[in-house]
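Written out below as C-alpha cells is the structure these notes cover.
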Amino acid sequence: MSTRRKFLSIAPLALVALLLAGCNPTPKDMAGTEPASPSGGTPLNAPTDSGTPGPSNTAQASGCFVEFYDSDDLSTSKDHFTLSKPGRYQNLAHLPGSRQDWTGEVGSMRVGPKATVTIWTDTGFSGQSLELQSGSKHPALDPQPSSLKLTCRG
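Positions 15 to 168 (this note's numbering) are the ones given, in order, by the sequence shown.
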C-alpha cells in the first residue's frame, strides 16, 4: 500500500479522534477552573479583594473579621480586603482569599465585633506588637503590620 493510501485511510479516524478530544475536557483541563456557585454567578472560592465597603455577608454575620485598607482613613478608594479565617499569619503574603501581598501595605484596619487582632511590625511575629480590640477602627497604622494573629470569641 502506498504512503498516500495509508494516510488517506487513517486521516478520517485521526480527525474524528481530535474532534472528540476537544469536546470532552479531561480533569487536567479542568484543574485551573473555579467551581461555580449554585446560582451560576461568582465562584464559591473566588478571592474577596474588592473596592466595595464592608466585609462579606458571612464575615459580617459571624462578627469575626479584620478589614485591611491600602490607604489611610479606612477608604475603599484603593485596595480593600477582609480576612475572616482565624489564625496566625507570619506574613501577609498569602492570606486566604487575597490576590495580593499585604505585607507592609496595610494603611488602616477595622476589627470585627467578635475578633481580636495582634499585629507585628515585622514578619515572623517579631518587631513591635499591638493588640487591636474587638470593634475598633485604626485609620492610620504606622508602622504598617507585616504579620498578625486573628482570634475570635463566641
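Each residue gets a CB set at the ideal place from its N, CA and C atoms; glycine is no exception.
L164 versus L109 - alpha carbon distance:
12 Å
Keeping to the same chain, check which residues put their C-beta closer than 8 Å to that of D84; ignore five residues upstream and five downstream.
K92, D93, H94, E119, V120 and G121
Beta carbon of T137 nearer than 8 Å to that of S160:
yes
Since W134 and G141 should fall inside the 8 Å C-beta cutoff, what is the C-beta to C-beta distance between them, to a whole number of angstroms?
5 Å
Regarding S140 and the ligand MN, is the C-beta to nearest heavy atom distance less than 7 Å?
The ligand MN is not part of the structure shown, which contains no ligands of any sort.
From the DSSP output, in three-state form, read off S76 for me.
helix
What is the DSSP secondary structure of D136, reduced to helix, strand or coil?
strand
With distances taken Cα to Cα, identify the nearest neighbour of F82 among A75, L97, Q74 and T72.
L97
Which partner residues does L106 have in the DSSP bridge list?
In the DSSP output, where bridge partners are listed per residue, L106 has none listed.
If you run the structure through DSSP and keep just helix, strand and coil, what is P153?
coil
Would you tell me roughly how many angstroms separate the C-alpha atoms of F79 and L106, rounded to the nearest one?
15 Å
Minimum C-alpha distance to S148 - residue among P157, C166 and L88:
C166
Please classify R113 as buried or exposed, where buried requires at least 16 neighbouring CB atoms within 10 angstroms.
exposed
Please say whether L88 and R169 have beta carbons closer to each other than 8 Å?
What is shown of the chain runs 15 to 168, which leaves residue 169 out entirely.
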